[in-house]
Amino acid sequence: MAITYELIKTCKQTGARLGKVHTPHGSFETPMFMPVGTLATVKTMSPEELERMGAQIILSNTYHLWLRPGEDIIEEAGGLHKFMNWNGSILTDSGGFQVFSLSDLRQIEEEGVHFRNHISGEKLFLSPEKAMRIQNSLGPDIMMAFDECPPYPAEHKYMKDSVERTSRWAERCLEAHQRPHDQGLFGIIQGGEYEDLRRQSARDLTSMDFPGYAIGGLSVGEPKDVMNRVLDFTTPLLPSEKPRYLMGVGSPDSLIDGSIRGVDMFDCVLPTRIARNGTLMTSEGRLVVRNAKFARDFRPIDENCDCHTCRNYSRAYIRHLVKSNETFGFRLTTYHNLYFLLNLMRQVREAIREDRLGDFREEFFEQYGFNKPNAKNF
Ligand SMILES: [Zn+2]
């Protein structure tokens, strides 16, 4: 098996899992946050910087790489790791999410999905077999099954049909996957907010024995208590000896709440996207560095952070760079935000090791301001 999971211990206070995922490109500790490098680059960061900040696995997007430069070029380069010079683990999604979120002209059939290229308008078709072929060419350590990503909210009837189609597609993905010896394929549990459908989806997919499972269809606009409720009844349906990945989640509170519910892996564009807007995550909540009040503030972004940005640069300087649209400003804010989440996960793992993740959650939420009424945090 290309991917194996090692459970190190379970937090006595919360049930969160401390573990390790072993891949052909090294192991990473869990719970873990995966920075997103959509086009084979985590925007503005070099692989050396990612390594220095503690990233152990990154995510890249099949749909975008398929359109440009094309998976054939990446295969010719020796695969994604070589192409982008990243020696850690890589996970690619299946392209399904982009087909359903970026393209408005789409037609879902049993065979696959017809849609238009979001850049050129050209007609395209993606199917389970094609998504596997592309990911086999890209060569990530972990690849994802091609699934349907229904919108939120969706009617029970629609969701049931979709869950059943996703299960049939998952079987076709397993069948089409050419490199199970060095690439692990994860199945995706769908079913929206419906417990019976999550149960059905989990039953279908766990019977196919994937090396890992993702929970999809969350963080698509539903309130956080809905996400937590769905996780409460979904993670217990998944095998404890395999890794669990909650797709598209990256706000600090959800990373902690997801870990408490037994999730091992997370990814999200949030930290990198808001960084390019001048918004930073700090131990005391969010900081919008463009604000005039920081013009003469020579303190670091986060006085409790020991990242490269915070050790060397001030709010006033970063504000100046960001307001002037200087690339270096976006590099500094991106570095800090990614470091902040990777460091948060380090603290989560430490708290699990010491059976105090519940206490850690209380302290973090208090300091971050999540407990305040009308807290405006991501
Ligand atoms: Zn920092």
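When you line the sequence shown up against my numbering, it's residues 1 to 378, in that order. Every residue, glycine too, gets a C-beta built ideally from N, C-alpha and C.
- Remark: fewer than three beta-carbon pairs, one from each stretch, lie closer than 8 Å, so the stretch 129 to 146 and the stretch 100 to 108 are not flagged as touching.
- Those residues that bring their Cβ nearer than 6 Å to a heavy atom of ligand 1 are Ile-301, Asp-302, Cys-305, Cys-307, Thr-309, Cys-310, His-336, Tyr-339.
- A Cβ-Cβ distance of about 17 Å is found for the pair Thr-62 and Met-265, leaving them out of contact under the 8 Å criterion.
- With distances taken between CA atoms, Leu-270 lies nearest to Phe-340 out of Asp-257, Phe-340, Gly-212.
- Under the three-state reduction of DSSP, Asp-161 is assigned to helix.
- Counting the other Cβ atoms within 10 Å of the Cβ of Lys-242 gives 16 or more, which makes it buried.
- Your pair Ile-74 and Gly-184 does not check out as a contact, with CB atoms roughly 19 Å apart and the cut at 8 Å.
- For Thr-62, there is no enclosing beta strand (DSSP E); the enclosing alpha helix (DSSP H) covers residues 62 to 67.
- By the neighbour-count criterion, in which a residue is buried when 16 or more other Cβ atoms sit within 10 angstroms of its Cβ, Tyr-5 is buried.
- Scanning Phe-210, Tyr-194, Arg-203 for the CA closest to the CA of Glu-175 turns up Phe-210.
- Distance from the CA of Gly-262 to the CA of Val-163, rounded to the nearest whole angstrom, comes to 23 Å.
- Between the beta-carbon of Val-226 and that of Glu-195 there is about 12 Å, and that puts the pair past the 8 Å contact cut.
- In this structure, Ala-351 places its C-beta atom within 8 Å of the C-beta atom of Phe-360.
- Within the stretch 210 to 284, complete alpha helix (DSSP H) segments of at least 4 residues are found at 224 to 234, 252 to 260, 270 to 275, given in chain order.
- Comparing C-alpha distances from Leu-218 to each of His-336, Thr-282, Gly-248 shows the shortest one belongs to Gly-248.
- Ser-167 and Ser-127 do not touch by the CB rule: their CB atoms are close to 15 Å apart, not below 8 Å.
- Taking 3 residues as the minimum length, the beta strand (DSSP E) runs contained wholly in the stretch 95 to 183 are 106 to 108, 113 to 116, 123 to 126, 142 to 144, in order along the chain.
- Counting along the chain, Met-32 sits inside no alpha helix (DSSP H); it lies in the beta strand (DSSP E) bounded by residues 32 to 34.
- The alpha helix (DSSP H) runs of length 4 or more contained entirely in the stretch 340 to 376 are, from start to end of the chain, 357 to 368.
- Look at Leu-39 here: in three-state DSSP terms it is coil, with no helix or strand label.
- In the structure shown, the three-state DSSP call for Arg-199 is helix.
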